[in-house]
Structures are given as structure tokens and as C-alpha cells.
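Here is the structure we will look at.
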Amino acid sequence: MKNNGLKKNNRNKNIRNLEIFDTTLRDGEQTPEISFPINAKLEIANKLDELGVDVIEAGFPISSNGEFEAVKKIKQLNLNAKICGLSRCQKGDIDTVIDCDLDNIHLFIATSKLHREYKLKKSKEQILQIVSDSITYAKEHGLNVEFSAEDATRTELDYLTEVYTEAISSKTDYIDIPDTVGILTPKKMEYLIKNLTNKLNNKLNNKLNNNLSNTISNNPNNKNNNNLKMPNLSVHCHNDFGLAVANSLTAFEQGVSQVHCTINGIGERAGNTDLAELVSSLKFLYDDEDEQMTIRTNIKTELLYGISKLVSHYSNISIAPNKPLVGRNAFAHESGIHTHGVIENALTYEPIDPKKVGNKRRLVLGKHAGTHSIKLKLEEMGLIVGENLSNEQFEEIVIKIKALGDKGKLVLDADLRAIIKDVTSKVLKSKRVVNLEQLAVVTGINVIPTASVAVNIAGKRYKSSQMGVGPVDASLKALESVVGETVKAKLIEYTINAATGGSDAIADVTVKLENNKKIVTAKSTSEDVVHASVEAVIEGINRLLDESTID
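Next comes the structure, spelled out in C-alpha cells:
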């Protein structure tokens, strides 16, 4: 068996080269409900080439006129990557690949007993002949051939060996081992490749010896099949049990020189080997000082996040937030303990710098957020505690963030800006005369909206209930009835905005109040619009009572 690019470098470490065969535009497009228009295919192909994949399987040309045109146009881009077309082991399919002006073809035929009996309805011998005829025909037309025995991992090992031996005898350049329904485990993958390659080597050696004997005895000038050798090995893993990446890594460990992948792991059913996860694992987990090998692919890992987003856009399949490496939470931190560690040294809670895969770090604010992460986030917005933000204001911001988190809300940047604006515009707690202690609202269909409020005014508690045309109106009337003796405030303007989108958006309420020709503007934020409205008016009242307040 060939050494698949294995050699020693000056530091006595093995160097392994791995080719990446990307099938996003073929197997990836076979994902249910995905159909890439030609312009999308061209853009994705360009980005795959920039990424550094070795082979782009551009499509299945015979499947439709549109597919034929797309494959042909991708070939015309003159990319660095090899452009490959999928083909059944049928003359018409092969001719269509040739008509696309391709140099590379991926031939396949099913070999398992299930497929032989129920799909192909052909004997073992018939399939062997088809394999030989198809590869020979493709080679005669100048194509580089990769041959796949579909459902190889459920094919009897002895027969699978016969199939691949026939493919090798017909001069295929690659033999690919598809785990078509994703039933292998890493241990089974290891067993399969070890035993298959041993059997193939034995078969080839026997065949070579027989050919040499026949050549010498019959025709010394006949050199056909005298140069049989093991071609490059490849694997194509499906993710039905979530093991595609693990199985592909095991195959690499066992000596394969090429792996089939897709961006975001898209593909039939549960998808295929995820390119980002495979390549990043090889680069960041295998290739280090403790391992005895250096692994080379042509992939520029810093471009992984960008192409992941591009394929997500065209496929209309969102990237899971917790997707390794490219998900929005892959390098996100909320827990106070974690964020503190990350702020001091990111490697405390991150395996790699997110920039290495094109992603970025996020410190998320929620109920688990610590003061370190909140301070850092505020500093990013230009607010420094002790300089332009008081300790009291900082504490109130922390309380508001955690209160929202306790209600299941993630505090986005827009939410935080609204909270900051709210807190920094408020009268300091030490100067507040009026404070809300309780608010209850009853409203609904065929029910007159009624609100009850309890406020603390200069240390004394006052309560009132009022009805109104809506819950906000009822609440403000109840508030007016208890503070009217303290300050006669007229509401002259009321504005409400949503700080963020969604049904759980933070309500951002701004009011203008007037008393004795003094006009103040006040605001408040809350996930409850009634609460925000009452707090905004109370803030305005405190500003009217605060002699130092000038609007």
C-alpha cells in the first residue's frame, strides 16, 4: 500500500497530506428542501476555491438541464480546485460529464446485498462487469476517476474487496468508501480499512504475480496490468448517528488520503462530514508538539465562518447556535466565572482563538453574567465605572440585567443601550422622593381595565386603584391620585418604542411632564410596557422635585 504522502520532516515528525473533496454542491444540495440556483452555486464554488478545497463536486450533470448548465459554468470559472461531476456507472451519465468538459468523474454503483437485490436487481458478477466497463470507458476518454462502491459499509467484505480490485485493475485513480447510511463507529471504521487494505494488497500482489507469469510465458511485450498499485483511498461518511466526523478522523488515522465533506455538514438525511469540524480537528487537535505528525491541508481555516454563513444563507438552513466553531455561541460566554477567566486569559475557557476559524468572541449578558463581563461590555460602549458611570448606576445596571435574565431574556446590545440610557438619565437613588413599591393590573375582553399602585413618598406608603381606557391609562390615573398632593404634574408627551424585536422586546418609554412651567423628560425601560410607563412618570416626578434637575 502506498504511504499516502507520509514522510518525515527535520524534527522527526511525520507529515501527512489530506485532500478535501467538497460535495456541498452535490450531496449537500440533496438535503431535503435545498435547491441552489445557478448564481448561488457559482458563488459557493468561488468561495470553496478561496477556502482551499482540493476537489469540488459540482453536481450530478445528468439529473437535469439546469444541473448540467451549473456544472459546466463552474468548470468555466477556471478555479484552482479540481471540478468533478457525479455519474452512475452508465455510458449516458459518463458522456454527460464529458460534455461538461470536466477532467474528473465520480463513478458509483451500489454493492451491498440490499441494493443488489432490491434496487439494481443484478448479480455480483454483473456488477463487477459494469464497474470494469464504466471505469475503462471513462479512462479511455481521458477522465481522472474516483470510484465509490455505494453502501460499501454494508457490503460483504470479501465481495467489496472483489469490487475494488476490479476498479483498481481498470485503473481508477481513487477508491472511495462510502458509509452511505452512517452505520459505522470509529472502531468499525478502523477494522474495515485495515482489513480491506490488507485484502486488497494481497489480491493485487497475487494478480500482479499471475500477470507477470502470463506475460513471460505468453507475450513478453504485453505489459497490461503489470503496474497494478493501490490508488488513493477516500471516505464519504454520513452523519445518521452523529459520527461522521469521528469516523472520518479514524479513516485518516488509518491512512486515507482524501475525505468527502460539506459546509455545515449538510447532505442527505442527517448530513455528511462537516468540513470545518474535520479540518479544525486535524489542525488544532492532531498537529501539536505532543503528536508525532504534522497534518497539511490546503484549507484556510480563517475563512470557515464566512463560507458557513454563505451556505446557510443560500440553503435557508440556520446555523445552530451551539454548532462547533461557527455557531454564534461557539465562543460565547455568560457565566460570571467563565467570563472572568476569559477576560484574564481567553484560553481558560476556549480551545482556540476564534479568529482562527473566522468567528469572534461574545460576552453574553444574562442572569449568570458577572460584574467583570458587564464592566467590560460597558467599557466597549465607552462607560467606565468611577469615571463617567457611578458605582450606584453600575449596580442598578447589573440588577436590571439579572432581572431580565431571570425572566428568560437574553440581554442584547440594543437592550443594554436602553438600560444604560434609562439608568444614567435617572435621579440618583439618594435624591429620589417617590418610589414605586407595587403595581397590579387587571385587563381583558369585557373587563374594565383596573390598576392598583403602591408608592413610597418620602418614607410613607400610599395606595390607590383606578379604572381607565386601557392598562396604561388606568395605571397612570392611579399614580396621579396618590402623587397629586406632592406635585401637580401634567403629562404632555408619551412615546413608546421597542428596544429590540420580538414579543419579549424591552419597552422603552419616554415621557414629558410639566409643573409650573418646568418641563422635564424622563424615560424607563422594562419588558412590561405598563411597568415601564409608570416608572417613566415616577422618574419625571422625581426630576420635577429635584431642584438640581434642568432639562
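The sequence shown begins at 3 in the working numbering and counts up by one. All residues carry an ideal CB built from backbone N, CA and C; glycine is no exception.
Taking the beta carbon of V449 as the centre, do at least 16 other beta carbons fall within 10 Å, making it buried, or is it exposed? Stepping through the sequence shown from its first residue, residue 449 is reached at position 447. By the 16-neighbour rule on beta-carbons within 10 angstroms, V449 is exposed.
Using 8 Å as the threshold, is the C-beta distance between I376 and I401 below it? The residue labelled residue 376 in the question sits at position 374 within the sequence shown. The residue labelled residue 401 in the question sits at position 399 within the sequence shown. One thing to note: I376 has its Cβ no nearer than 8 Å to the Cβ of I401.
Reduced DSSP category for L109 - H, G, I as helix; E, B as strand; rest coil: The count along the sequence shown starts at 1 and reaches residue 109 at position 107. Looking at L109 - three-state DSSP - the assignment turns out to be strand.
Assigned exposure category for G273 - 16 Cβ within 10 Å defines buried: On the sequence shown, position 271 is the one that residue 273 refers to. That one is buried.
Give a yes or no on whether the C-beta atoms belonging to I64 and L44 are separated by under 8 Å. The residue you call residue 64 lines up with position 62 of the sequence shown. The residue you call residue 44 lines up with position 42 of the sequence shown. No, Cβ-Cβ distance for I64 and L44 is not below 8 Å.
Give me the Cβ distance between T113 and D51, rounded to the nearest whole Å; I'm assuming they're in contact under 8 Å. If you number the sequence shown from 1, residue 113 lands on position 111. If you number the sequence shown from 1, residue 51 lands on position 49. So it is not a contact: roughly 33 Å between Cβ atoms.
Would S477 and L441 qualify as a contact pair, given that the criterion is a beta-carbon distance under 8 Å? Looking up residue 477 in the sequence shown gives position 475. Looking up residue 441 in the sequence shown gives position 439. Contact annotation: S477 and L441 have beta-carbon atoms nearer than 8 Å.
Less than 8 Å between the beta carbons of R61 and L104, yes or no? Here residue 61 refers to the residue found at position 59 when the sequence shown is read from its first residue. Here residue 104 refers to the residue found at position 102 when the sequence shown is read from its first residue. Contrary to the premise, residue 61 reads as Gly rather than Arg in this sequence. Taking 8 Å as the Cβ cut-off, G61 and L104 do not qualify as a contacting pair.
Return yes when the Cβ of K369 is within less than 8 Å of the Cβ of K404, no when it is not. Taking the first residue of the sequence shown as position 1, residue 404 is located at position 402. Taking the first residue of the sequence shown as position 1, residue 369 is located at position 367. Yes, these two residues count as a Cβ contact at 8 Å.
Since Y176 sits in a beta bridge, which residues does DSSP pair it with? For the purposes of this step, residue 176 is taken as residue 174 along the sequence shown, with counting starting at 1. When beta bridges are read from the DSSP output, Y176 appears opposite E148, N234.
Counting pairs of beta carbons, one from the segment 64–74 and one from the segment 298–306, are three or more of them closer than 8 Å? Too few Cβ pairs lie closer than 8 Å, so no.
Classify G472 as buried or exposed, calling it buried when 16 or more other Cβ atoms lie within 10 Å of its own Cβ. To locate residue 472, count along the sequence shown from 1; it is residue 470. Using a 10 angstroms sphere on the CB of G472, the tally of other CB atoms stays under 16, which defines it as exposed.
DSSP on D95, reduced to helix/strand/coil? Taking the first residue of the sequence shown as 1, we reach residue 95 at position 93. If DSSP states are grouped into helix, strand and coil, D95 belongs with the helices.
Hey, would you say V556 sits closer than 8 Å to V359, going by beta carbons? With the chain covering 3 to 553 only, the question about residue 556 has no answer from this structure.
When you compare only the Cα positions, how much space is there between V539 and A420? Taking the first residue of the sequence shown as 1, we reach residue 539 at position 537. Taking the first residue of the sequence shown as 1, we reach residue 420 at position 418. Roughly 17 Å between the two C-alpha positions.
Under the rule that 16 or more other beta-carbon atoms within 10 Å means buried, what is G542, buried or exposed? Sequence index remark: in the sequence shown, residue 542 carries index 540 (1-based). By the Cβ-count criterion, G542 is buried, with 16 or more other Cβ atoms from all chains shown falling within 10 Å of its own Cβ.
Hey, quick one: how far does the alpha helix (DSSP H) through K479 stretch, first residue to last? Here residue 479 is taken as the residue at index 477 of the sequence shown, counted from 1. For K479, the uninterrupted alpha helix (DSSP H) run begins and ends at 473–485, by DSSP.
Residues that Y464 bridges to, as DSSP identifies them: Here residue 464 refers to the residue found at position 462 of the sequence shown. Paired residue(s): V457.
Collapsed DSSP secondary structure at D276 in the structure displayed: In the sequence shown, counting from the first residue as 1, residue 276 sits at position 274. The three-state secondary structure of D276, taken from DSSP, is strand.
Using the three-state DSSP reduction, which class does F38 fall into: helix, strand or coil? Along the sequence shown, one-based indexing puts residue 38 at 36. It is coil, neither helix nor strand.
Distance between I422 and T551 (C-alpha atoms, nearest Å): Position 549 of the sequence shown holds residue 551. Position 420 of the sequence shown holds residue 422. With a pLDDT of only 47 at T551, under 50, the local geometry of the prediction cannot be trusted, and no value is derived from it.
Expressed to the nearest angstrom, what Euclidean distance is found between the alpha-carbon atoms of E168 and S150? Start at 1 with the first residue of the sequence shown, and residue 168 comes out as number 166. Start at 1 with the first residue of the sequence shown, and residue 150 comes out as number 148. Roughly 12 Å between the two C-alpha positions.
Quick one: grab the DSSP three-state call for H143. Working through the sequence shown from its first residue, we reach residue 143 at position 141. The three-state secondary structure of H143, taken from DSSP, is coil.
Counting Cβ pairs, one atom from each stretch, are 3 or more of them under 8 Å apart for the segment 379–398 and the segment 346–353? Segment contact: the segment 379–398 against the segment 346–353, fewer than three CB-CB distances shorter than 8 Å; contact not assigned.
Could you spell out the range, first to last residue, of the beta strand (DSSP E) harbouring E516? Taking the sequence shown and counting its residues from 1, the one referred to as residue 516 is at position 514. 509–517 is the span of the beta strand (DSSP E), which, as asked, contains E516.
Extract the residue ranges of the beta strand (DSSP E) inside the segment 40–71, only unbroken runs of 3 or more that lie entirely within it. Listed in chain order, the beta strand (DSSP E) runs fully inside the segment 40–71 are 57–61, counting runs of at least 3 residues.
Whose CA, out of V133, H262, N82, lies closest to the CA of T25? Taking the sequence shown and counting its residues from 1, the one referred to as residue 25 is at position 23. In terms of Cα proximity to T25, the closest of V133, H262, N82 is H262.
My guess is that I96 and Y166 are in contact by the Cβ rule of under 8 Å, so how many angstroms apart are they, rounded? Taking the sequence shown and counting its residues from 1, one reaches residue 96 at position 94. Taking the sequence shown and counting its residues from 1, one reaches residue 166 at position 164. The pair is not a contact, with the Cβ atoms about 19 Å apart (cut-off 8 Å).
Opposite D181 in the DSSP bridges: which residues? The residue you call residue 181 lines up with position 179 of the sequence shown. Beta-bridge pairing by DSSP links D181 to C239.
Taking 8 Å as the cut-off, decide whether the C-beta atoms of K124 and C102 are in contact. As a first step, residue 124 must be located in the sequence shown, where it is residue number 122. As a first step, residue 102 must be located in the sequence shown, where it is residue number 100. No, the pair does not count as a contact, with Cβ atoms beyond the cut-off.
For V573, tell me which candidate among E69, P34, N241, R28 has the shortest Cα-Cα distance. Absent from the model: residue 573. The displayed extent of the chain is 3 to 553, so no value can be given.
At the 8 Å Cβ level, is K514 part of the contact set with chain D, yes or no? The displayed structure is made up of one protein chain only, and chain D is not part of it.
Based on Cα-Cα distance, which residue from N211, Y176, K173, T163 lies nearest to N197? The residue given as residue 197 occupies position 195 in the sequence shown. The shortest CA-to-CA distance from N197 to any of N211, Y176, K173, T163 is the one to T163.
Span of the beta strand (DSSP E), counted from its first residue to its last, around A524: Counting from 1 along the sequence shown, the entry for residue 524 is found at position 522. Element bounds for A524: 520–528.
Please classify E495 as buried or exposed, where buried requires at least 16 neighbouring CB atoms within 10 angstroms. Position 493 of the sequence shown holds residue 495. It is exposed - the Cβ of E495 has fewer than 16 other Cβ atoms within 10 Å.
So, at 8 Å on beta carbons, what are the nonlocal neighbours of N208 in its own chain, with the 5 sequence-adjacent residues on each side left out? Position 206 of the sequence shown, counting from 1, holds the residue named residue 208. Cβ neighbours of N208 beyond the five flanking positions: none.
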